[in-house]
Each structure stands twice: as C-alpha cells, then as structure tokens.
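Chemist: Below is one structure. I have some questions about it.
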Amino acid sequence: MADRSRRHRLAVMLIAARLLSRNLVNRLKAYFFTGVIVLLPTGLTIFIVLKIFDFLGASIKYVYGQNMPWWLGTLLTSSIILLSGLFVRNLIGKSMMEVIERIFTRVPFVRSLYSTIKQLIDLIVANKEMMFQKVVLIEYPRKGLYTLGFISAQGPEELCSRTGEKLMAIFISTTPNPTSGFLLFIPDSEVIHLDMTPEEGMKLIISGGIMIPNRQGEKVIGKDQIQGILASTTSNP
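Numbering of the sequence shown is given in full-length UniProt numbering, commencing with residue 1 and proceeding in unit increments.
Spelled out as structure tokens, the structure:
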C-alpha cells in the first residue's frame, strides 16, 4: 500500500514537472519572439546603415586611394537614405516597390520576415500620425469583457449634440497587428482612463499581453476597482 502511494506521488510529481517545464518553454519562446519583434527593425536599420557606410568607404578608397573621413561618410549615407525615400514616394518608386513587395511575398521565409518588418514600420508611422492622447479601458464587446483603446480626439460636435453625450473618439487596435482596427464613439462617462502611455499600450497589444507595464509603487486596476468605477458611473445620471 505504501509503495503504491509512493508511486502515485512520484507520478503526480513527474506530471507537474512536465507541465511546469512545458509552461516555462512556452514562456521563453514567447519572450524570445517578442524580443525579436522589438529589436529586429532597429537591428536591421543599423545593419543597413553600416553596410552603406562600409560600401562608400571601400569605393572612395578604391578610387582615390585614401580612407573616407567619418563626416563625409555620414553625409553621404544620410543623402543616400534621403534620396531613396524621395524616390520611393514618387509614382515610379511606388510602382517599383509594389513589384519588390510581390517578389518578397512569394519567397517562403522572406515573406514572413518582410511582412513583420513592414507591419512594425506601419505601426511606428501610424502611431506618429494618429497622435493618440491617452490609453483607456472600455467594456467591450460585451458586459464583463474589457478592451484597451486609444483616445484620438473628442467626438464631433454634431454627434455629441444629437446623442446628448460628451463622446470620445476611441481607436481599438487589433492583436497582433495593431495597425488595423476600428473607431468607436463612446460617452466619456463610460471610459476608464489609465495612466499607461500610448507606447506602453501599443507594446501590450503587439506582444499579445506579454509586455505588461510594471511601475513600482503604483497600484494596478483590478476587477473589483473596475466594477466599482462602472457602478458609480451608471448610478450617476
């Protein structure tokens, strides 16, 4: 009887160890993937700039027989990047970029890598253009579920006057591609304002909830606090 109980405890411990190790591996994979997503655009940009700098230095040394000054390399590299951006933004450059994108999207490994980089660049550009003011929490898509949103502006005067509410224009981003989403006009009384910055909110969305902001000394809004805020807002006319 004692041997059977001992074997049972040993089996339970082995199962628990396997579950813990599997959970740890999954977490490490998620952390690694998030780190790659965050560092890939920066690393790739630095790599391209250094390659351009080295190419210019080697070309000047080959033609003139002397090393290129650092200031000249910086000036030429910046000029090449600016001219590339100017070229891509015109009609011919856009057509060429569409051809390049079609080629990249047909190569299996390059397709996923290119799509990830392009989405991250679109995210950075969209974040700068939208100029989100604050991060908020709304009860959506049903009661008891909460969604992170970004206040982009106050609601149009016509909408506010017709509804009799002070509306807020809130952009709801999707995971894992935050560049897509939809716009909601919500009464300000039903919006829970957070201390989270727009950058932290974007990181939280694109990482699928892994990169959670953690500030020492600050309290995290819990379910009870959220329900209390909602109860107070609904009770007040």
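C-beta: ideal position from N, C-alpha, C; glycine also.
Thinking C-beta only, is residue 206 closer than 8 Å to residue 148?
Modeler: The residue given as residue 148 occupies position 148 in the sequence shown. The residue given as residue 206 occupies position 206 in the sequence shown. Cβ distance not < 8 Å, so residue 148 and residue 206 don't count as in contact.
Chemist: Got a sec? Which residues, its chain only, sit under 7 Å from residue 165 by beta carbon, not counting five neighbours each side?
Modeler: Start at 1 with the first residue of the sequence shown, and residue 165 comes out as number 165. The answer, listed in chain order, is 187.
Chemist: Tell whether a beta-carbon distance below 8 Å holds between residue 73 and residue 57.
Modeler: Here the question's residue 73 lines up with position 73 in the sequence shown. Here the question's residue 57 lines up with position 57 in the sequence shown. Yes, they are a contact pair.
Chemist: Let me know if residue 32 comes out buried or exposed under the rule of 16 or more other beta-carbons within 10 Å of its beta-carbon.
Modeler: In the sequence shown, the residue the question calls residue 32 occupies position 32. Residue 32 is exposed by the Cβ-count criterion.
Chemist: Anyone know if the C-beta pair for residue 136 and residue 192 falls short of 8 Å?
Modeler: On the sequence shown, position 136 is the one that residue 136 refers to. On the sequence shown, position 192 is the one that residue 192 refers to. Result yes, Cβ atoms of residue 136 and residue 192 sit closer than 8 Å.
Chemist: Considering Cα atoms alone, identify which of 185, 67 and 170 is closest to residue 158.
Modeler: One-based indexing of the sequence shown puts residue 158 at position 158. Residue 158 has its Cα closest to that of 185, out of 185, 67 and 170.
Chemist: Just verifying my parser: in three-state terms, what is the DSSP assignment at residue 45?
Modeler: Position 45 of the sequence shown holds residue 45. Looking at residue 45 - three-state DSSP - the assignment turns out to be helix.
Chemist: Measuring alpha carbon to alpha carbon, tell me which of 176, 190, 80 and 153 ends up nearest residue 208.
Modeler: To locate residue 208, count along the sequence shown from 1; it is residue 208. Per the Cα distances, 176.
Chemist: Note down the Cα distance separating residue 142 from residue 200, rounded to an integer number of angstroms.
Modeler: Within the sequence shown, the letter at position 142 stands for residue 142. Within the sequence shown, the letter at position 200 stands for residue 200. The straight-line gap from Cα to Cα measures roughly 25 Å.
Chemist: At what residues does the alpha helix (DSSP H) containing residue 198 begin and finish?
Modeler: Numbered from 1 along the sequence shown, position 198 holds the residue referred to as residue 198. First-last of the alpha helix (DSSP H) with residue 198: 198-206.
Chemist: What would DSSP say about residue 146, mapped onto helix, strand or coil?
Modeler: Position 146 of the sequence shown, counted from the start, is the residue given in the question as residue 146. Strand.
Chemist: With DSSP as the reference, label residue 99 as helix, strand or coil.
Modeler: The residue given as residue 99 occupies position 99 in the sequence shown. In the structure shown, residue 99 sits in a helix (DSSP, three-state: H, G or I).
Chemist: Could you check which residue in 45, 54, 101 and 168 has the C-alpha nearest to that of residue 69?
Modeler: The count along the sequence shown starts at 1 and reaches residue 69 at position 69. For residue 69, the nearest C-alpha among the options comes from 54.
Chemist: Kindly identify the DSSP beta-bridge partner or partners of residue 75.
Modeler: Stepping through the sequence shown from its first residue, residue 75 is reached at position 75. DSSP lists no partner for residue 75.
Chemist: If you follow the alpha helix (DSSP H) that residue 159 is in, where does it begin and where does it stop?
Modeler: Counted from its first residue, the sequence shown places residue 159 at position 159. Unbroken alpha helix (DSSP H) run through residue 159: 157-163.
Chemist: What number of angstroms, rounded off, separates the C-alpha of residue 129 from the C-alpha of residue 106?
Modeler: Mapped onto the sequence shown, residue 129 falls at position 129. Mapped onto the sequence shown, residue 106 falls at position 106. Here residue 129 scores only 48 on pLDDT, less than 50, and its place in the model should not be relied on; the value that follows carries that caveat. Cα-Cα distance, rounded: 30 Å.
Chemist: Have a look at residue 63 and residue 42 and give me their C-alpha separation to the nearest angstrom.
Modeler: The residue labelled residue 63 in the question sits at position 63 within the sequence shown. The residue labelled residue 42 in the question sits at position 42 within the sequence shown. Distance between the alpha carbons of residue 63 and residue 42 is about 32 Å.
Chemist: With residue 258 as the anchor, note down where its beta strand (DSSP E) starts and where it stops.
Modeler: This structure leaves residue 258 out entirely; the chain is present only between 1 and 237.
Chemist: What are the boundary residues of the beta strand (DSSP E) that includes residue 141?
Modeler: Residue numbering aside, residue 141 sits at position 141 when the sequence shown is read from its first letter. Careful: residue 141 lies outside any beta strand (DSSP E) and carries neither H nor E.
Chemist: Considering Cα atoms alone, identify which of 65, 133 and 203 is closest to residue 312.
Modeler: Any answer about residue 312 is impossible in this case: the structure gives the chain only from 1 up to 237.
Chemist: Quick check on residue 134: does DSSP put it in helix, strand or coil?
Modeler: Translated into positions along the sequence shown, residue 134 becomes position 134. The answer is strand: DSSP assigns residue 134 an E or B state.
Chemist: Looking only at its own chain, which residues have a Cβ that is under 6 Å from the Cβ of residue 40, when we skip the five neighbours before and after it?
Modeler: If you number the sequence shown from 1, residue 40 lands on position 40. Excluding sequence neighbours, residue 40 sits near nothing in its chain.
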